[in-house]
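Colleague: For reference, the structure I am asking about is given below.
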Amino acid sequence: MARRSLYVGGLDPQVTEEILWAAFVPFGDLLDVTMPLDNETQQHRGFAFIEFELPEDAASAKENMDDSEMFGRRLRVAYTRPSSIGAGKPLWADTDEWLAYQEKEKEANEEEKKEKEKTKENTS
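Taking our numbering, the leading residue of the sequence shown gets 23, the next gets one more, and so forth.
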């Protein structure tokens, strides 16, 4: 599957989503421009994600914009990494399922143990 999303790093604090949109739209139709914010300063963190409608447009933008300069800074443009399944979930998200499974296993083992003891008593 061809990739349509790009990571853009090395952004100057003056760069806005509108500026990035204007810089990347010549390569093709954009679906989204996102600049994650720092929780404390509420300023962008120096990078952005840009999603194109077509993979070919993303490839063209990557080829042309990587190592280019914006506001005196060199941009790093690369394809985003595909997210792995469950990557956004906290580590403890599956705890309830795991605990329920462990409880069932424990109950099954106890039942099996009782059956063996019953069989042992009946054969004696």
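Where a beta carbon is used, it is the ideal one built from N, C-alpha and C, also for glycine.
Everything numeric in this text was worked out from a predicted model, so none of it was measured.
According to the Cβ coordinates, are phenylalanine 69 and glycine 94 closer than 7 Å?
Modeller: It is not a contact, given that the beta carbons lie outside the stated cut-off.
Colleague: Could you round the C-beta distance between aspartate 34 and methionine 92 to whole angstroms and report it? I think they count as a contact, below 8 Å.
Modeller: The pair is a contact, with the Cβ atoms about 7 Å apart (cut-off 8 Å).
Colleague: Could you tell me the boundaries of the alpha helix (DSSP H) in which glutamate 85 lies?
Modeller: First-last of the alpha helix (DSSP H) with glutamate 85: 77–87.
Colleague: Cα-Cα, which of Ala24, Asp54, Gln65 and Glu78 is closest to glutamine 36?
Modeller: The shortest C-alpha separation from glutamine 36 is found at Gln65.
Colleague: Spatial neighbours of aspartate 60 within its chain, please: C-beta separation below 6 Å, excluding the five flanking residues on both sides.
Modeller: If we look at aspartate 60 and ignore the five residues flanking it on each side, its Cβ neighbours are Arg67.
Colleague: Which residues does DSSP pair with glutamate 73 in a beta bridge?
Modeller: Beta-bridge pairing links glutamate 73 to Ser27 and Asp54.
Colleague: Note down, in chain order, each residue of its chain lying with its Cβ closer than 6 Å to the Cβ of arginine 98, except the 5 sequence neighbours on either side.
Modeller: Around arginine 98: Gly31 and Gly32.
Colleague: Tell me the residue span of the alpha helix (DSSP H) that contains phenylalanine 46.
Modeller: Segment 39–46, the alpha helix (DSSP H) holding phenylalanine 46.
Colleague: Distance, Cα to Cα, serine 82 vs arginine 103?
Modeller: About 18 Å.
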